[in-house]
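Taking it in order: structure first as structure tokens, then the write-up.
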Amino acid sequence: MATLAGILVADKYSVLDSGAVFLLAQKCNVSEVVYLDSGSEVEIQKDCPYVAARIKGASDANDAFHEGHEVAQKGLDLLSVTGKADLSIKNASDECLMWWREKTIQILRVVAVTKIPVTFEATLGIQTDKNGNIIPQPPPPQLIYHESLRYFRLSQVTDDLFDAFRNAYLAFESLLEKVAPRESTERRGRRSWEREGDWLKRALGVANNIIPLSHAYNTTNPDIISDIYDKIYKNIRCSIFHAKSQSRLLPQNLADREIVSEGLDSLTRIVLLLMKNWLHVGQPRGGMAYSAFDMMAESILLNSIIVVSDDDAPLDDSETLHGLTFKASVTMLTKYAPELSKPGLNSILGTIKTGELKNLCKISKFILFHNEKLVLGSALEAPLTYDSVDVLEAQISVQLRNVREPKRFFKG
951 MATLAGILVA
961 DKYSVLDSGA
971 VFLLAQKCNV
981 SEVVYLDSGS
991 EVEIQKDCPY
1001 VAARIKGASD
1011 ANDAFHEGHE
1021 VAQKGLDLLS
1031 VTGKADLSIK
1041 NASDECLMWW
1051 REKTIQILRV
1061 VAVTKIPVTF
1071 EATLGIQTDK
1081 NGNIIPQPPP
1091 PQLIYHESLR
1101 YFRLSQVTDD
1111 LFDAFRNAYL
1121 AFESLLEKVA
1131 PRESTERRGR
1141 RSWEREGDWL
1151 KRALGVANNI
1161 IPLSHAYNTT
1171 NPDIISDIYD
1181 KIYKNIRCSI
1191 FHAKSQSRLL
1201 PQNLADREIV
1211 SEGLDSLTRI
1221 VLLLMKNWLH
1231 VGQPRGGMAY
1241 SAFDMMAESI
1251 LLNSIIVVSD
1261 DDAPLDDSET
1271 LHGLTFKASV
1281 TMLTKYAPEL
1291 SKPGLNSILG
1301 TIKTGELKNL
1311 CKISKFILFH
1321 NEKLVLGSAL
1331 EAPLTYDSVD
1341 VLEAQISVQL
1351 RNVREPKRFF
1361 KG
């Protein structure tokens, strides 16, 4: 059987033929196995940084990841409600292990994503007259403080995606209320307030007349107000502010996170547009385009290889492929993997039969080499053994992170 920090992660002879392991965001102080009614099981170990979900029937890495993630979340829910441990998963897509079986072949894949921070300093254009003299520019307008800035800041400092959306929406709501206050009527001594949905549509219309929302919000719908109302308010805001099963979006659910993430990106752009025009605030923003990053990353990855190492020492950037540190390491069959890539995220996949790893008693890290020079390394939080695994895979990815852009990556 294969193990990671003492936890069983893959066993060719087990009925539970597939599963996934994820990093924990908190220190684990107990050892427990949770058995679910689906026949799956979730395990944590004291002082182990991982949670393992063992399931049955995953057909590939994608199935193992998604099904394993949901099972792991359910196991952590039960551990919390029974008072045994309050734990959560962090960076599920960035560092994890999955395993599954293809007929009699047991496959184990390690996934590691390295985010590449890119910062572009915005510069103001200098205008000159025909004689080359600099034309003085008027000072920028006075910044206006508004409570919406508090909500926006909280949306940027949280590590929780759903909290980020809630606070971004509150910033959005606060800004709209500034230019289109909610109206009320009084009848027979009783005050009646404008319905929230009616107010939001009216406020969006007022905002759109001041500054076209199309400058920040992309849509093919000719009615941009209805589109924002439906996609941002009805489909996401109402679904994460409420928990009724008909319309709820569930925290830590991968599919629901994707919906909220896309909505947050659109919502944040609208908020920044409104702040720039109404409050005269907004830092200079800029970054590398996905297309430029992809071109650069692909050119490197196409000519790179992944090396498996059992060495526990910290990586030295000056090391080469044929240095003493990697003398006993093993090179994987490596290929660029467009099927595992997307704009801003580029991946390669290394594969090796475990019989070729017999000189390695354990696996500690995977190192990416380009032209025999070390590019990056990914160390596991604990040693991995590979008994009863037939094929080991390593999915190594680089992802663009534009530092000066609104936050896009959240733990979970």
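In terms of my numbering, the sequence shown has 978 at position 28, counting the first letter as 1, and numbering is strictly consecutive.
Think of the CB as a built atom: it goes at the ideal place given N, C-alpha and C, for glycine as much as any other residue.
With a 10 Å radius around its C-beta and 16 neighbouring C-beta atoms as the bar for buried, classify M1048 as buried or exposed. To locate residue 1048, count along the sequence shown from 1; it is residue 98. M1048 is buried by the Cβ-count criterion.
Taking the continuous alpha helix (DSSP H) assigned at E1020, which residues delimit it? Within the sequence shown, numbered from 1, the residue matching residue 1020 stands at position 70. Taken as a continuous stretch (DSSP letters only), the alpha helix (DSSP H) holding E1020 covers 1011-1031.
Opening and closing residue of the alpha helix (DSSP H) in which I1311 lies: Locating residue 1311 in the sequence shown gives position 361, counting from the first residue. Note on residue identity: the sequence assigns Cys, not Ile, to residue 1311. Bounds of any alpha helix (DSSP H) do not take in C1311, whose DSSP letter is neither H nor E.
Measure the C-alpha to C-alpha separation of S1338 and A1344 and round it to an integer number of angstroms. For the purposes of this step, residue 1338 is taken as the residue at position 388 of the sequence shown. For the purposes of this step, residue 1344 is taken as the residue at position 394 of the sequence shown. Approximately 17 Å, taken between the alpha carbons.
Could you check whether A952 and L1334 sit closer than 8 Å to each other, using their CB atoms as the reference points? Locating residue 1334 in the sequence shown gives position 384, counting from the first residue. Locating residue 952 in the sequence shown gives position 2, counting from the first residue. Closer than 8 Å, so yes.
Rounded to a whole number of angstroms, what is the C-alpha to C-alpha distance between V1280 and S1259? As a first step, residue 1280 is located in the sequence shown; it is residue number 330 there, counting from the start. As a first step, residue 1259 is located in the sequence shown; it is residue number 309 there, counting from the start. Using only the alpha carbons, I get a separation of about 7 Å.
How many angstroms separate the CA atom of W1050 from the CA atom of R1059? For the purposes of this step, residue 1050 is taken as residue 100 along the sequence shown, with counting starting at 1. For the purposes of this step, residue 1059 is taken as residue 109 along the sequence shown, with counting starting at 1. Rounded to whole angstroms, W1050 to R1059 spans 9 Å at the Cα level.
Is the separation between the beta-carbon of I1182 and that of S1216 shorter than 8 Å? By one-based count along the sequence shown, residue 1182 stands at place 232. By one-based count along the sequence shown, residue 1216 stands at place 266. Cβ atoms of I1182 and S1216: closer than 8 Å.
Kindly give me the distance between the Cβ atoms of I1250 and H1320, rounded to whole angstroms, as I take these residues to be in contact under 8 Å. For the purposes of this step, residue 1250 is taken as the residue at position 300 of the sequence shown. For the purposes of this step, residue 1320 is taken as the residue at position 370 of the sequence shown. Sure, about 5 Å apart at Cβ, within 8 Å.
Pairing CB atoms from the segment 978-994 with CB atoms from the segment 1303-1320, are three or more of them under 8 Å? No, the segment 978-994 does not touch the segment 1303-1320.
Would A1035 and Y1000 be called neighbours here (beta carbons separated by less than 8 Å)? Here residue 1035 is taken as the residue at index 85 of the sequence shown, counted from 1. Here residue 1000 is taken as the residue at index 50 of the sequence shown, counted from 1. Inclusion of A1035 and Y1000 in the CB contact set at 8 Å is not warranted, their separation being larger than that value.
List the endpoints of the continuous beta strand (DSSP E) containing K1065. Stepping through the sequence shown from its first residue, residue 1065 is reached at position 115. Unbroken beta strand (DSSP E) run through K1065: 1055-1068.
Out of E1322, A1287, R1351, point me to the one whose CA is closest to H1272's CA. Along the sequence shown, read from residue 1 onward, the residue named residue 1272 stands at position 322. The option with the nearest alpha carbon to H1272 is E1322.
Have a look at L986 and G1025 and give me their C-alpha separation to the nearest angstrom. Along the sequence shown, read from residue 1 onward, the residue named residue 986 stands at position 36. Along the sequence shown, read from residue 1 onward, the residue named residue 1025 stands at position 75. Distance from the CA of L986 to the CA of G1025, rounded to the nearest whole angstrom, comes to 7 Å.
Expressed to the nearest angstrom, what Euclidean distance is found between the alpha-carbon atoms of Y1101 and Y1119? Position 151 of the sequence shown, counted from the start, is the residue given in the question as residue 1101. Position 169 of the sequence shown, counted from the start, is the residue given in the question as residue 1119. Each residue's Cα considered, the two are about 8 Å apart.
Which two residues bound the contiguous alpha helix (DSSP H) that contains V1210? As a first step, residue 1210 must be located in the sequence shown, where it is residue number 260. From DSSP, the alpha helix (DSSP H) with V1210 extends over 1204-1228.
For A1287, which of I1186, T1301, H1165, D997 has the nearest alpha-carbon? Taking the first residue of the sequence shown as position 1, residue 1287 is located at position 337. For the residues I1186, T1301, H1165, D997, the minimum Cα distance to A1287 belongs to T1301.
Endpoints, beta strand (DSSP E) assigned at K1323: Walking along the sequence shown from the start, residue 1323 turns up at place 373. Start and end: 1323-1334.
Rounded C-beta distance between D1177 and N1185? I'm assuming under 8 Å. Locating residue 1177 in the sequence shown gives position 227, counting from the first residue. Locating residue 1185 in the sequence shown gives position 235, counting from the first residue. Going by Cβ atoms, the distance from D1177 to N1185 rounds to 11 Å, so no, they are not a contact pair.
Using 8 Å as the threshold, is the segment 1217-1230 in touch with the segment 1082-1100, meaning 3 or more CB pairs across them? Using a Cβ-Cβ distance cut-off of 8 Å, the segment 1217-1230 and the segment 1082-1100 are in contact, since at least three pairs of beta carbons, one from each stretch, lie closer than that value.
Note down, in chain order, each residue of its chain lying with its Cβ closer than 8 Å to the Cβ of L1330, except the 5 sequence neighbours on either side. Here residue 1330 refers to the residue found at position 380 of the sequence shown. The residues are L954, V1060, I1313, S1314, K1315.
Taking the alpha helix (DSSP H) that E1045 belongs to, which residues open and close that run? Indexing the sequence shown from 1 puts residue 1045 at position 95. Careful: E1045 lies outside any alpha helix (DSSP H), inside the beta strand (DSSP E) at 1045-1052.
If I follow the unbroken beta strand (DSSP E) through V983, where does it start and stop? Counting from 1 along the sequence shown, the entry for residue 983 is found at position 33. Residues 982-985.
V1156 (DSSP reduced to helix, strand or coil): Here residue 1156 refers to the residue found at position 206 when the sequence shown is read from its first residue. V1156: helix per DSSP, three-state reduction.
Going straight from the alpha carbon of A1263 to that of I1005, what length do you get? In the sequence shown, the residue the question calls residue 1263 occupies position 313. In the sequence shown, the residue the question calls residue 1005 occupies position 55. Taking the straight line from one Cα to the other gives about 34 Å.
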